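Here the structure is laid out as structure tokens; the discussion comes afterwards.
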Amino acid sequence: MNCRKVQSLMSAYVDCELSGLEMLAVRRHLSECCECKSESESLFRVKKALGSLCAKHPASDLVNRICSHLEQVTLPRGNLLVAAMREHLTIFPARLRWTVVGMSVFAVLLMFRAGQMSTNQPMFTAALPNAHFIGMAEQGPIPLIQGVPAEFAPFSAAPLPTPTKQPWELPEYPEGTLGSMGLTLTGYPK
Amino acid sequence: MVELSDTMSVACQSEDRKIFNELVHRYHKQAYNIAYRMTGNHADAEDLTQDTFLKAYRFFGNYKRDMPFDNWLYRIMSNIFIDWLRRRPKASIRSLDEPVRQEEGETVFDLPDSAEGPETLTLSRELDAEMQAALNTLSEDFRLTVILSDIEGLSYEEISEVMGCSIGTVRSRLHRGRKILREKLRPYLE
Numbered sequence: 001m002n003c004r005k006v007q008s009l010m011s012a013y014v015d016c017e018l019s020g021l022e023m024l025a026v027r028r029h030l031s032e033c034c035e036c037k038s039e040s041e042s043l044f045r046v047k048k049a050l051g052s053l054c055a056k057h058p059a060s061d062l063v064n065r066i067c068s069h070l071e072q073v074t075l076p077r078g079n080l081l082v083a084a085m086r087e088h089l090t091i092f093p094a095r096l097r098w099t100v101v102g103m104s105v106f107a108v109l110l111m112f113r114a115g116q117m118s119t120n121q122p123m124f125t126a127a128l129p130n131a132h133f134i135g136m137a138e139q140g141p142i143p144l145i146q147g148v149p150a151e152f153a154p155f156s157a158a159p160l161p162t163p164t165k166q167p168w169e170l171p172e173y174p175e176g177t178l179g180s181m182g183l184t185l186t187g188y189p190k
Numbered sequence: 001m002v003e004l005s006d007t008m009s010v011a012c013q014s015e016d017r018k019i020f021n022e023l024v025h026r027y028h029k030q031a032y033n034i035a036y037r038m039t040g041n042h043a044d045a046e047d048l049t050q051d052t053f054l055k056a057y058r059f060f061g062n063y064k065r066d067m068p069f070d071n072w073l074y075r076i077m078s079n080i081f082i083d084w085l086r087r088r089p090k091a092s093i094r095s096l097d098e099p100v101r102q103e104e105g106e107t108v109f110d111l112p113d114s115a116e117g118p119e120t121l122t123l124s125r126e127l128d129a130e131m132q133a134a135l136n137t138l139s140e141d142f143r144l145t146v147i148l149s150d151i152e153g154l155s156y157e158e159i160s161e162v163m164g165c166s167i168g169t170v171r172s173r174l175h176r177g178r179k180i181l182r183e184k185l186r187p188y189l190e
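Chains A and B, in that order, give the protein sequences.
Read in order, the letters of the first sequence correspond to residues 1 to 190 in this note's numbering.
Read in order, the letters of the second sequence correspond to residues 1 to 190 in this note's numbering.
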């Protein structure tokens, strides 16, 4: 340890606020370095002189004056509430309090999870056989309000009406129309 | 519910008041001694002590009971003192022997009762005055650190708690404060 390092630790050494290894290292250095030893002794004298200062005593009526002024102090509202809460909650030890809080949080999470699981059941299983659906969700088909015609529902659990024509068959157009002649509006055949 | 909380608040307030009165009686001398060493004169020391206890009572609801009350009180005192210094241009330095004008006439500061001889008492008073004058030349941070360590005997950890700084900062401030005092008090220490 060099002089610069030791001098930075000098006050802490005088106050015995160093670790054991540091104390030994500083002491070893002081036994070899007269300048640092003189520095530590002068700091020790300052500490001792300050410690020997006589205590200053207050006037005998100071405490009564302070206590009388306390009545004029208006406490913040928060202070009263905190004090009331502290008074109420000290009935329960801290460990019990945190156990109750933890169990309450656990119960809330359980209820939330149970609610989620009940909504996951497919809605169509509760629906009537001829109920119609307005779309698909992850959980299953979303039912349409009963009473809406089936043709407005893209998905339907009800059997679709049998088509009169097959898809490859041309539709029937009225007599005299372009379609009846197999033509489009542009005049070209379809 | 509101009436119950109000009743509890009033009950807690009276209970807190009783506890705080006891704390004032227990710590006012110690607080005054530190206040005197910080301000350098009795009048300011009394004002600082009173302001400290009034502020401590106002925020007694925020006091964490696991922290020593005196450490918490000294923290309040140092904050109030720093606010004072910011508002005032400079702290006034008054000699112990300077007569104080009061309504009843002039008087001198109370001196500690000592069993030592008159010569020793004179030297002690002179050294006390010189040391206080030297303390007054330190910045408020250095001054408070030196007072808490060398006059009140607090550990570095306690000082860091009071001043809201790291132990390294306490060590540095104490070392620099002592070095300044050593230079100013060299004729008295050697």
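Glycine included, C-beta positions come from ideal geometry on N, C-alpha and C.
Just so you know, these numbers come straight off a predicted model, no measurement behind them.
Would the beta-carbon of residue i be found less than 7 Å away from any heavy atom of the ligand FAD?
i: TRP72 (chain B); result: For the ligand FAD, the structure offers nothing, since it holds no ligand at all.
Residue range of the alpha helix (DSSP H) that residue i falls in?
i: LEU9 (chain A); result: That residue, LEU9 (chain A), is in no alpha helix (DSSP H); it is neither H nor E in DSSP.
i: SER172 (chain B); result: 167 to 184
i: CYS67 (chain A); result: 62 to 70
i: THR52 (chain B); result: 42 to 58
i: ASP83 (chain B); result: 69 to 87
Taking only three categories from DSSP, how would you classify residue i?
i: MET163 (chain B); result: helix
i: TYR13 (chain A); result: helix
i: LEU144 (chain B); result: helix
i: GLU32 (chain A); result: helix
i: MET1 (chain A); result: coil
i: LYS64 (chain B); result: coil
i: GLY153 (chain B); result: coil
i: PRO187 (chain B); result: helix
i: ALA59 (chain A); result: coil
i: SER38 (chain A); result: helix
i: SER19 (chain A); result: coil
i: GLU126 (chain B); result: helix
i: SER156 (chain A); result: A caution first: SER156 (chain A) carries a pLDDT of 47, below 50, which makes its placement in the model unreliable, though a value can still be read off. Three-state DSSP puts SER156 (chain A) in a strand.
i: GLY176 (chain A); result: coil
i: THR39 (chain B); result: helix
i: VAL73 (chain A); result: coil
i: SER139 (chain B); result: coil
i: ASP113 (chain B); result: With a pLDDT of 46 at ASP113 (chain B), under the threshold of 50, the modelled position of that residue is not reliable, and the figure given next carries that caveat. It is coil, neither helix nor strand.
i: LEU195 (chain A); result: Lying before the first or after the last residue shown, residue 195 (chain A) is absent from chain A, which here runs from 1 to 190.
i: GLN102 (chain B); result: Low per-residue confidence applies at GLN102 (chain B): pLDDT is 49, beneath 50, and the placement is therefore not dependable enough to give any value.
i: GLN13 (chain B); result: helix
Can you give the beta carbon distance from residue i to residue j, rounded, assuming they're within the 8 Å contact cut?
i: SER42 (chain A); j: LEU189 (chain B); result: 7 Å
i: TYR74 (chain B); j: LEU148 (chain B); result: 7 Å
i: HIS42 (chain B); j: TYR36 (chain B); result: 7 Å
i: VAL14 (chain A); j: LYS47 (chain A); result: 6 Å
i: ILE34 (chain B); j: GLU152 (chain B); result: 6 Å
i: ASP70 (chain B); j: GLN30 (chain B); result: 7 Å
i: VAL63 (chain A); j: TYR57 (chain B); result: About 13 Å; that fails the 8 Å criterion.
i: ILE19 (chain B); j: THR52 (chain B); result: ILE19 (chain B) to THR52 (chain B), Cβ: 17 Å. No contact.
i: ILE82 (chain B); j: GLU140 (chain B); result: 5 Å
i: THR145 (chain B); j: LYS184 (chain B); result: In fact, because the Cβ distance is near 16 Å, the residues do not count as touching under 8 Å.
i: LEU53 (chain A); j: ASP128 (chain B); result: 6 Å
i: CYS67 (chain A); j: ASN21 (chain B); result: 6 Å
i: LEU70 (chain A); j: LEU23 (chain B); result: The pair is not a contact, with the Cβ atoms about 11 Å apart (cut-off 8 Å).
i: ARG65 (chain A); j: GLN50 (chain B); result: 7 Å
_Counting only Cβ-Cβ distances shorter than 8 Å, please list the residues of the region 45 to 77 of chain B near chain A, keeping chain order._
ALA45, GLU46, THR49, GLN50, PHE53, LEU54, TYR57, ARG58, PHE59, PHE60, GLY61 and ASN62
*When you check each C-beta in the region 51 to 69 of chain A against every C-beta of chain B, which residues fall closer than 9 Å?*
GLY51, SER52, LEU53, CYS54, ALA55, LYS56, HIS57, PRO58, ALA59, LEU62, VAL63, ARG65, ILE66, CYS67 and HIS69
*For the region 15 to 43 of chain B, which residues have a beta carbon sitting closer than 8 Å to at least one beta carbon of chain A?*
GLU15, ASP16, ARG17, PHE20, ASN21, VAL24, HIS25, HIS28, LYS29, TYR32, ASN33, TYR36, ARG37 and HIS42
*Which residues, in order along the region 165 to 181 of chain B, keep a beta-carbon less than 7 Å from a beta-carbon of chain A?*
ARG171, LEU174, HIS175, ARG178 and LEU181
*When you check each C-beta in the region 142 to 155 of chain B against every C-beta of chain A, which residues fall closer than 9 Å?*
VAL146, ILE147, SER149, ASP150, ILE151, GLY153 and SER155
*Going along the chain, which residues of the region 24 to 39 of chain A sit with their C-beta nearer than 7 Å to a C-beta in chain B?*
none
*asked:* Against chain B, which members of the region 3 to 19 of chain A pass a CB distance test of less than 9 Å?
replied: GLN7, SER8, LEU9, MET10, SER11, ALA12, VAL14, ASP15 and GLU17
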